[in-house]
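Residue numbers (numbering that gives the first Met the number 0): 0 to 414.
As structure tokens, the structure follows; a few thoughts come after it.
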Amino acid sequence: MKKRYFKHLKEIFISILILVIIHFLSIKYLNIFEEIFIYIIIFFSLSLYYIFSILDFDSSHLKSDILYLLGINILMFSIIKYMYADKEVFLWFLISTSSFIMIKILLSNMLKNNQKTLVFIDFDGNIEAVFNESLEIKSCIFKNLDDLKKSNEVLEIIYRPFLNKEVLDKLFELKLLGINTIEYFDFFEQYQGKINIDIISKEWFLKSKEFKLLHSNFSKRMKRFVDIIISILLLILLFPIFLLTYICIKLETPKEFFLSSAFFKQKRIGLLGKEFTIIKFRSMKIHDPKSFSKYSSKDDKRITKVGRIIRKLRIDELPQLLNVIKGDMSFIGPRPEWNELGKEYEELLNLYSLRYAMKPGITGLAQVMYSYGANLDDAKRKLEYDIYYIEYFSFLLDLIIIFKTIKIVIFGRGV
Numbered sequence: 000m001k002k003r004y005f006k007h008l009k010e011i012f013i014s015i016l017i018l019v020i021i022h023f024l025s026i027k028y029l030n031i032f033e034e035i036f037i038y039i040i041i042f043f044s045l046s047l048y049y050i051f052s053i054l055d056f057d058s059s060h061l062k063s064d065i066l067y068l069l070g071i072n073i074l075m076f077s078i079i080k081y082m083y084a085d086k087e088v089f090l091w092f093l094i095s096t097s098s099f100i101m102i103k104i105l106l107s108n109m110l111k112n113n114q115k116t117l118v119f120i121d122f123d124g125n126i127e128a129v130f131n132e133s134l135e136i137k138s139c140i141f142k143n144l145d146d147l148k149k150s151n152e153v154l155e156i157i158y159r160p161f162l163n164k165e166v167l168d169k170l171f172e173l174k175l176l177g178i179n180t181i182e183y184f185d186f187f188e189q190y191q192g193k194i195n196i197d198i199i200s201k202e203w204f205l206k207s208k209e210f211k212l213l214h215s216n217f218s219k220r221m222k223r224f225v226d227i228i229i230s231i232l233l234l235i236l237l238f239p240i241f242l243l244t245y246i247c248i249k250l251e252t253p254k255e256f257f258l259s260s261a262f263f264k265q266k267r268i269g270l271l272g273k274e275f276t277i278i279k280f281r282s283m284k285i286h287d288p289k290s291f292s293k294y295s296s297k298d299d300k301r302i303t304k305v306g307r308i309i310r311k312l313r314i315d316e317l318p319q320l321l322n323v324i325k326g327d328m329s330f331i332g333p334r335p336e337w338n339e340l341g342k343e344y345e346e347l348l349n350l351y352s353l354r355y356a357m358k359p360g361i362t363g364l365a366q367v368m369y370s371y372g373a374n375l376d377d378a379k380r381k382l383e384y385d386i387y388y389i390e391y392f393s394f395l396l397d398l399i400i401i402f403k404t405i406k407i408v409i410f411g412r413g414v
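What follows is the structure, given as structure tokens:
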């Protein structure tokens with residue numbers, strides 16, 4: 000598991016443990032249905048903690064995080080009190096909330112005092128730049144590698160491959176002194192959570208010990224099973240939103256009510272490069288694609304008033320649940336590209352076809368980690384996240400992407 004996306008796992012497990020222990024200490028004599036309900040509340044609370052970044056122990060957001068924590072806990076315990084009026088839940092609320100606040104303050108201060116200093120060196124061993132763990136530039140206090148030996152800071156040296164013998168000897172000595180070293184490619188993955196496509200090749204892909212989903216039939220079947228269950232549940236639960244969106248799109252052009260479609264269909268590239276027809280709610284005016292740019296943007300004049308709202312909330316993507324049930328798509332995966340653009344990217348971007356190794360998704364890592372893409376450079380940046388997702392796929396990473404997607408929908412960010 001890579002540090003970029005799983006850095007809060009320890010805190011999440013601690014949180015679950017505390018909540019469960021407090022549950023058994025303070026609420027007794029519950030029947031099985033009450034037990035299940037309590038655990039659902041616990042899971043929902045932790046989900047909200049993650050969505051609102053409360054599990055991010057960054058001391059700079061400590062006050063706002065504590066306010067979010069209080070708000071969520073008041074909501075959760077109000078629900079429990081309403082459902083079980085005869086149970087004493089105030090003690091549980093008091094203990095769990097105060098425990099979380101104390102742990103958050105303690106860990107935030109501990110992490111603040113144990114931040115790593117990242118030192119980048121070039122091929123000749125010269126110090127290029129110095130960053131903190133948030134990748135913010137620090138003023139360089141080191142003139143050369145020998146200065147690192149005298150530092151009291153927690154250091155990590157990021158070096159490039161193919162170093163000369165003299166530099167390798169110095170790094171070897173620093174490593175013996177307890178200073179961590181990491182090759183640039185590994186740093187790119189661990190700290191930025193993506194793959195640098197400028198330095199990978201087909202040989203790299205062949206040598207990789209990851210990409211485990213590609214040869215795990217069990218994982219493929221499990222992912223498909225989860226896709227079907229989630230899609231059916233969402234279609235049922237969100238049917239009122241489907242109906243309302245359909246009516247709003249139709250009413251926006253009343254003169255064409257019976258002529259225009261509320262849906263948009265387009266050929267996209269799916270698994271192993273096979274084309275399929277994607278279904279979305281129409282968010283643009285009906286137009287001739289040949290008369291406009293291949294790329295759309297946030298401020299595209301073709302986007303309708305209703306379209307702007309449903310795009311912001313990602314409601315326009317909901318009909319793709321039908322694509323998921325049909326088997327053309329997965330709930331999570333690289334976003335399917337328009338076949339015209341996809342073929343163009345295959346010629347221009349290194350290993351672009353690698354993203355066809357998995358079924359495309361309604362949401363994906365690139366969508367939650369990168370802003371709206373409107374040019375070739377954006378496509379390249381998103382490809383770096385897509386390849387990372389395919390290489391390190393896990394159901395836990397899928398869960399994190401779902402949480403991040405919910406967060407984007409709530410706060411109105413992303414594509």
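The beta-carbon is built from N, C-alpha and C at its ideal position, and this holds for glycine as well.
Mind the definition here: the stretch 263 to 274 touches the stretch 357 to 366 only if three or more C-beta pairs lie below 8 Å; say whether that holds. Counting Cβ pairs under 8 Å, three or more are found: they touch.
N- and C-terminal bounds of the beta strand (DSSP E) containing PHE392: Where PHE392 is concerned, there is no enclosing beta strand (DSSP E), given that its DSSP letter is neither H nor E.
Within 8 Å, strictly: CB atoms of GLU383 and LYS193: A contact, by the Cβ cut-off of 8 Å.
Please return the same chain residues whose Cβ sits closer than 6 Å to the Cβ of GLY225, not counting the five positions on each side in sequence. Note on identity: in this sequence residue 225 is Val, with Gly being the wrong assignment. Within the same chain, VAL225 has no close Cβ partners at all.
Thinking C-alpha only, which one of CYS247, ARG307, ASP385 is nearest ARG354? Of the listed residues, the one whose Cα sits closest to ARG354 is ASP385.
Unbroken stretches of the alpha helix (DSSP H), 4 residues or longer, contained in the stretch 299 to 374: When DSSP assignments are scanned along the stretch 299 to 374, the uninterrupted stretches of alpha helix (DSSP H) that are 4 or more residues long and fall wholly within it turn out to be 304 to 311, 319 to 325, 338 to 347, 364 to 368.
Residue burial classification, LYS222 (beta-carbon count within 10 angstroms, cutoff 16): Buried is the call here.
Name the DSSP bridge partner or partners of VAL225? Beta-bridge analysis with DSSP links VAL225 to no other residue.
Taking the alpha-carbon positions, what's the PHE204 to LEU170 distance? Rounded to the nearest angstrom, the two C-alpha atoms are 28 Å apart.
Tell me the rounded alpha-carbon separation between LEU236 and THR276. Distance between the alpha carbons of LEU236 and THR276: 24 Å.
Would you call the CB atoms of ILE157 and ILE409 closer than 8 Å? For ILE157 and ILE409, no; Cβs fall outside 8 Å.
Helix, strand or coil for PHE141, going by three-state DSSP, please let me know. Residue state, collapsed to three classes: coil.
With 16 as the cutoff for other CB atoms within 10 Å, does ILE228 come out buried or exposed? ILE228 is exposed by the Cβ-count criterion.
Distance, ASN143 Cα to GLN319 Cα: Those two C-alpha atoms are separated by around 55 Å.
Taking 8 Å as the cut-off, decide whether the C-beta atoms of PHE161 and PHE186 are in contact. Their beta carbons are not under 8 Å apart, which means PHE161 does not touch PHE186 by this criterion.
Among the residues of its own chain, which have a CB less than 6 Å from the CB of PHE392, if the five just before and after it don't count? Excluding residues within five positions, the ones whose Cβ falls inside 6 Å are LEU212.
By the three-class DSSP mapping on this structure, what secondary structure does THR252 have? In the structure shown, THR252 sits in coil (DSSP, three-state: anything other than H, G, I, E or B).
Within its chain, find whatever has a CB closer than 8 Å to the CB of LEU232; leave out the 5 residues flanking it on each side and keep chain order. Cβ-Cβ distances below 8 Å link LEU232 to nothing in the same chain once the five nearest sequence neighbours on each side are left out.
Please classify ILE41: does DSSP put it in a helix, a strand, or coil? In the three-state DSSP reduction, ILE41 falls in the helix class (H, G or I).
Within 8 Å, strictly: CB atoms of ILE389 and THR362: In terms of Cβ geometry, ILE389 and THR362 do not form a close pair [threshold 8 Å].
Can you grab the Cα-Cα spacing for the pair GLU165 / LEU154, in whole Å? Straight through space, the alpha carbons of LEU154 and GLU165 are spaced by roughly 20 Å.
Is ILE196 closer than 8 Å to LEU348 when the C-beta atoms are compared? The answer is yes: Cβ separation under 8 Å.
Thinking C-alpha only, which one of ALA373, ILE405, ILE309 is nearest TRP337? The shortest C-alpha separation from TRP337 is found at ALA373.
Taking the alpha carbon of ASP397 as the point to measure from, which residue in LEU375, GLN366, LYS311, LYS137 has its own alpha carbon closest? The residue with the shortest Cα to Cα distance from ASP397 is GLN366.
Identify, in the order they occur along the chain, each residue of the same chain with its Cβ nearer than 8 Å to the Cβ of ILE136, setting aside the five sequence neighbours on each side. Cβ neighbours of ILE136 beyond the five flanking positions: ALA128, VAL129, PHE130.
Taking its Cβ as the centre, do 16 or more other Cβ atoms sit within 10 Å of ALA400, making it buried, or is it exposed? This sequence places Ile at residue 400; Ala is not what is there. So ILE400 ends up on the buried side.
In three-state DSSP terms, what is ARG181? The sequence given here places Ile at residue 181; Arg does not occur at that position. DSSP places ILE181 within a strand segment (E or B) once states are collapsed to three.
Do you know whose CA, among LEU105, MET101, ILE100, LEU173, lies nearest VAL118's CA? Comparing Cα positions, the closest option is LEU173.
Given a threshold of 16 other Cβ atoms within 10 Å of its Cβ, counted over all protein chains shown, does VAL414 qualify as buried or as exposed? Note on VAL414: pLDDT 44, under 50, position unreliable in the model; the coordinate value appears next. With a 10 Å radius around the Cβ and a threshold of 16 neighbouring Cβ atoms, VAL414 comes out buried.
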